[in-house]
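Below: one structure, written as structure tokens.
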Amino acid sequence: MNVHKFIVQHVKNNGKRYNMKETKDALRWEDILHFALKGNPAPDIRVEKSNAEWQSVLSAEEFRITRLKGTEMAFSSDMCHAFEAGKYSCACCGELLFDAHAKFDSGTGWPSFTQPAKLNAVSYHLDNSYGMRRVETCCNTCGAHLGHVFPDGPDPEGLRYCINAISLRKIST
Ligand SMILES: [Zn+2]
């Protein structure tokens, strides 16, 4: 799907004011586009550090991916194939991002989820880098780059959060 084309259609066809109450249970692609275009929901808390501060607490690879918007190599983490119950938090700030219930095997080589742990856990940003039109996902608490979200995930919501394993920490409970 051409993301830009979809955005234009969404804006044209949705003249009425967007109602957040419609998204109480699960996010859909139109919600993702709305957040990316009109602004993200406020996080519960914000964590702000300088790049120098992040560099002092992260490994070089964690820093490259989470703070400089890098991408880990596909199939580089065992996390792709791990589906034990538990939760996934942000590698930078520790805030909860995803639940193992929403994890699925996308075959892409990156951990993949159908939904975030809660509506305001992840922020969404239009990303036109590398000649592609994509929606970048970040930790809404500290701004860490997580990966991207695509509208080709499983039913019923059809979302695929494609996330760098290095951006995540597994919490067992
Ligand atoms: Zn974070």
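Using the working numbering, you'd call the opening residue of the sequence shown number 1 and step up by one each time. Cβ coordinates follow ideal geometry from the N, Cα and C atoms, glycine included.
Check whether residue i and residue j have beta carbons under 9 Å apart
i: residue 123; j: residue 153; result: no
i: residue 137; j: residue 149; result: yes
i: residue 84; j: residue 165; result: no
i: residue 90; j: residue 172; result: no
i: residue 37; j: residue 126; result: yes
i: residue 146; j: residue 130; result: no
Reference residue i; option with closest CA among the options
i: residue 169; options: 42, 160, 86; result: 86
i: residue 94; options: 74, 155, 51, 45; result: 45
i: residue 105; options: 81, 128, 92; result: 81
i: residue 163; options: 50, 132, 110; result: 110
i: residue 49; options: 60, 67, 43, 40; result: 67
i: residue 26; options: 54, 77, 102, 53; result: 102
i: residue 79; options: 132, 54, 108, 69; result: 108
i: residue 92; options: 70, 139, 52; result: 139
heavy atom of ligand 3 below 8 Å from residue i C-beta
i: residue 156; result: Ligands present in the displayed structure are limited to ligand 1, and ligand 3 is not among them.
Interface flag, residue i vs chain B, CB-CB below 9 Å
i: residue 118; result: In the structure shown, chain B cannot be found, because there is only a single protein chain.
Exercise answer, beta-carbon shell around ligand 1 heavy atoms below 6 Å: Every residue passing the under-6 Å Cβ criterion appears here: 90, 92, 93, 95, 139, 141, 142, 144.
Does the structure place the region 26–36 close enough to the region 117–134 that three or more beta carbon pairs sit under 8 Å? Yes, since at least three Cβ pairs between the region 117–134 and the region 26–36 fall closer than 8 Å, the two stretches touch.
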